[in-house]
Amino acid sequence: MESVYLFALNFTWQIAALALLALGLAMVFGQLKIMNMAHGEFVMMGAYSWVLVEKFGWSPVLSVPVCIVGIGTLAFLVERVLVRHLYARPFDSLLATWALSIILRECVELVFGRQFYNVSLPLQGSLNFGFVSYPAYRILVIVCVMVVFAGLWFYYRNSRLGLRLRAMVENPNLAQAHGINTTRLSTSVFVLGCVFAGLAGLILAPTLSVYPSMGIDALIRSFFALIIGGLGSLEGLAIGTTIVSGMQSGLSAVFSQTVGYLGVLVLAVIFIWRRPNGLYTPR
Amino acid sequence: MVSTLLVSLFLLLALIAVPIFGSSFLAWQLGLFLLYGVAAQGVGLAWGAGGFLPLGNALFFGGGAYLSAFALKATEGDLWINLGAMLGIAFLLGGLAFIVGMVLFRGKAGSGPSFSLVALALVLIFSQLANSATGLTGGFNGFSGYQPLGNLDAFGNFYFVIVVLVVVVTLALLLVHRLPIGLLLRAMVANEDRLALLGFAPHRLKAGVFAGSAFITGLAGGLYASHQGIVTPQAIGFLLSAEFVIWAAVGGRMHPLGPLLGAVAIGWLSSELRDSVSWWELAVACIFLVVVLLFKKGSFQIVETAINLARRAGLVPRTARHAVILTPPNSKAAEPISTIRFRDIHLQAGAVRILNGVTIELVDRGVLAVIGPNGAGKSTLLNALTGTLPVTGGDVFSGEIQLTNRRPHEVLSYGIGRKMQIPSIFPGLSVAENLRVASFAGRFKPWDFFMPQAMRWQSPMVRRVLAGAGVAFDTGTNDDAQILSQGTKQVLEFLIATAAEPRVLLLDEPAAGMSPTESQEMVRLVRAYIELTGASIVLVEHDMKVVEALSERVAVLHFGEVLAEGKFDEVRANPKVQDVYAGGHK
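Residue numbers (our numbering), protein chains in the order written: chain A, 75 to 357; chain B, 3 to 588.
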């Protein structure tokens, strides 16, 4: 019986972690239609803010502002210099952000080297529910993700942000003529998406190994979760992450990690081919 | 043709000189990057000529390498058997790519970034399989223990096999650019929908290009197996796929030599400098970024600019090509067909019902004008015939032949041609090239894709219709068709649509955006075309002078239904029509 509870908790943890990783990409790819290949590198840099803080001997708490300010500034520059010119040019934005991802990875490698870092859990110990005990940090993350998503969902539902974003992506000139400050809007969404990616890296770093190319896995799974779930909505994100995590942890439990990974890839291919808009399309 | 051969000969001599004047180790090193270069040429072919970005081409490189290694192990020794096996493997990979291409390019995903993502996912799948299937591939440690191709020494004579591959592939790619297939591909990238209406299926062309790309890459992978003596999952990985794309981009994807140059320069320098200069990879990524943002054609753009400058200065002689015009074979579209009947056509897109039961029969010879307010469904009625939008009810017949829901590239073979509402030409191609592509329409046999003579075809209809109408239009100019004025573009598209001499011609607002004089010229062109071919024409037009001048019969569409039909004067006198046009109650 205990193993069932444990599996359920692990499953929830997988979903929460993936949803956290994919959230930033959902903003940039789902809303701005920029296929941000550098998403994983923003996650990676978020994770490295622990390492940076440790190197300077600062308190670990400071890694949060370091992450937000550092990645926010970088994302702002990237949007102004690079991404700004590439809206509605899917191939070019894909290639440019991909070049950016290599640049960021190489920079981190130059500064920190290729070795793995391990980040100690900020919250030690585990919570005992009576029937099963589970790491307290993971429980905390799951609860936080639920709260954040609920908050975002209510905010998004009651704001016209989504409408303004769609207007901007479909026809920036017309949107501008209707009083939407497209410059500010696109910059803020891109920066927010990247900061979320960084925070995801920061939050998940204690449960992962931190190394320069850790972002690739985050990128691929986020991409495919979004494609399967459907772009442009939190509901789609939730569905996609559930399916991808479910598929991966289910197949991994029954067969092996490899089969789980392959299952996700095959599913993604089928979806891009037959249902490129994913399962959930917002009305 | 001469310059193509010269370039290839120069390449051959330069490559042969390497082991003679350099060391055999140098030749071995160069050999690896030449193989990578051929793989990058495969990416360049798909991306430059086909217009889609294959993010996973290491699939064919690694696939070719693994399969060749298996074959080499099974058939030890004999050079010709080995070469045959390698060709067979490349054909197999090409065939698989063709199937994947047909399925994907035809589907909803098309050739946009979704295609790249599928290619990426596929390469991830197969590199994972290569890593996991240790029994077959040796897993992470790689597959080895086979004899190289024909027992040739990788540090010796094997280099010349690579040189032969490089020269043959480069020559073939250079030729493709010069042959009708090259022109058709450029036309496809410029305007897929227009090409489909000329009877060429874009998804088939793209699948063919993808197959060619896989074939070349598979051959390079096959030789890679012999060159390295071991095949590891790295050869089928995402990172190698990514490097192919970077080399093709930096070198220049539009020219066959670009990716080769990119792979040898960047790839080789990287392998030399990667360990000694820590910021080297960073520099490569920065160059890649600059190329993506600023130099779309890669560094080969510089070479091309230099050649053009030299040409302008008179240093390189300009050869007058295609001087003699050939009369092409007869067009299939010109064969007489039965009258086309629309029967109770319904068409719904999402929640919008655009056509609600339209029944119309085309006139036998001459013009049926379809008029009506904006949004009445006029263009949609034409779309129902050319398969642009799927019909949800009713059917279209030509005699006994069902024409309902054909795909756009099929309709020309039933004798139906179309001019679009917004002039649809091939931007980036010259006016002469636009007309040349149009001259292929309806007349092409499968082998004509590779026949140089076809490049000199000029549909006789172009000249005849211009002469018959007395309209002056320079059909031989090398100006980019994109820079023409709206009115001239309309004439050009009319000529493109009529080059195949279709017996049914759909004209969607041919006089839109034209001055009164230009409109009159268009009327003369249409009349001359009917005179010459006896075609029946469906004319959608808002300019009532044009409608009055041309039409035998007029049908008025309103809210997706036929409101009135008859002679121009009858329709004009119809009170219901007057209500619609003069804003009476509906």
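The beta-carbon is built from N, C-alpha and C at its ideal position, and this holds for glycine as well.
query	result
Segment contact flag, the stretch 112–123 of chain A with the stretch 178–185 of chain A, C-beta cutoff 8 Å, min 3 pairs	yes
Alpha-carbon spacing of G140/B relative to I498/B, whole angstroms	57 Å
Residue closest to Y161/A, alpha-carbon to alpha-carbon, out of A241/A, R231/A and A327/A	A241/A
Where the alpha helix (DSSP H) through Y161/A begins and ends	It is not in any alpha helix (DSSP H) - Y161/A carries neither H nor E in the DSSP assignment.
Cβ contact (3+ pairs, closer than 8 Å) linking the stretch 420–429 of chain B and the stretch 502–513 of chain B	yes
Chain-order list of residues whose beta-carbon lies under 7 Å from that of C141/A (same chain, five-residue window excluded)	G120, S123, G272, L273 and L276
Nearest neighbour of Q130/B, chosen from L175/B, A92/B, A60/B and F117/B [CA to CA]	A60/B
Min CB distance A170/A to chain B below 8 Å	yes
8 Å Cβ cutoff met for G65/B and P261/B	no
Cβ contact (3+ pairs, closer than 8 Å) linking the stretch 144–164 of chain B and the stretch 66–77 of chain B	yes
L106/A in three-state terms, based on DSSP	coil
Collapsed DSSP secondary structure at N480/B in the structure displayed	coil
Contact with chain B by C181/A, beta-carbon distance below 8 Å	yes
Buried versus exposed, by CB contacts within 10 Å (16 or more), Q43/B	buried
Chain-ordered neighbours of T281/A on chain B, where CB pairs are closer than 9 Å	Going along chain B, no residue has its Cβ under 9 Å from T281/A, so there is no contact; the nearest lies around 23 Å.
I127/B at chain A interface by Cβ criterion, 8 Å	yes
8 Å Cβ shell around R548/B - same chain, five flanking residues per side excluded	Correcting the residue type first, residue 548/B is Val in the shown sequence and not Arg. The answer, listed in chain order, is P512, A513, S521, M524, V525 and L541.
Secondary structure of L541/B, DSSP reduced to three states	strand
Through-space distance from G314/A to K588/B, alpha-carbon basis	Confidence at K588/B is low in this model, with a pLDDT of 47, below 50, so its placement is unreliable and no value can be given for it.
Per-residue DSSP class, three states only, for G489/B	helix
Residues of its chain near P204/B, where Cβ-Cβ distance is below 8 Å and the 5 sequence neighbours each way are ignored	F107, M190, E194, L197, A198 and H411
Those residues which DSSP pairs with S432/B across a bridge	D482/B
S333/B vs A502/B beta-carbon contact at 8 Å	yes
Identity of the residue in H113/A, L325/A, I302/A and G131/A nearest V152/A by Cα	H113/A
Closest Cα partner of G177/A within the set S553/B, L384/B, F100/B and C288/B	The displayed chain sequence assigns Ile, not Gly, to residue 177/A. It is C288/B whose Cα lies nearest to the Cα of I177/A.
Beta carbon of F116/A nearer than 8 Å to that of G98/A	yes
Integer-rounded CB distance, given that P235/B should sit under 8 Å from F142/B	7 Å
Contact list for M242/A against chain B, beta-carbon separation under 8 Å	Result: empty, since nearest Cβ-Cβ is about 20 Å, beyond 8 Å.
Cβ-Cβ separation, F63/B to Y226/B (assumed contact under 8 Å), whole Å	7 Å
DSSP state of K588/B mapped onto helix, strand, coil	Bear in mind that the predicted position of K588/B carries a pLDDT of just 47, short of 50, making it unreliable; the figure below should be weighed with that in mind. Three-state result, K588/B: coil.
Local conformation of D581/B per DSSP, three classes	helix
Residues bridged to G395/B (per DSSP)	H348/B
Proximal chain A residues relative to W82/B, where beta-carbon distance stays under 9 Å	What W82/B touches in chain A: nothing, since even the nearest Cβ is about 38 Å away.
Beta carbon of A170/A nearer than 8 Å to that of V294/B	yes
Inter-stretch contact (C-beta, 8 Å, three-pair minimum) for the stretch 201–215 of chain B and the stretch 486–494 of chain B	no
Proximity below 8 Å, CB of L349/B to CB of V393/B	yes
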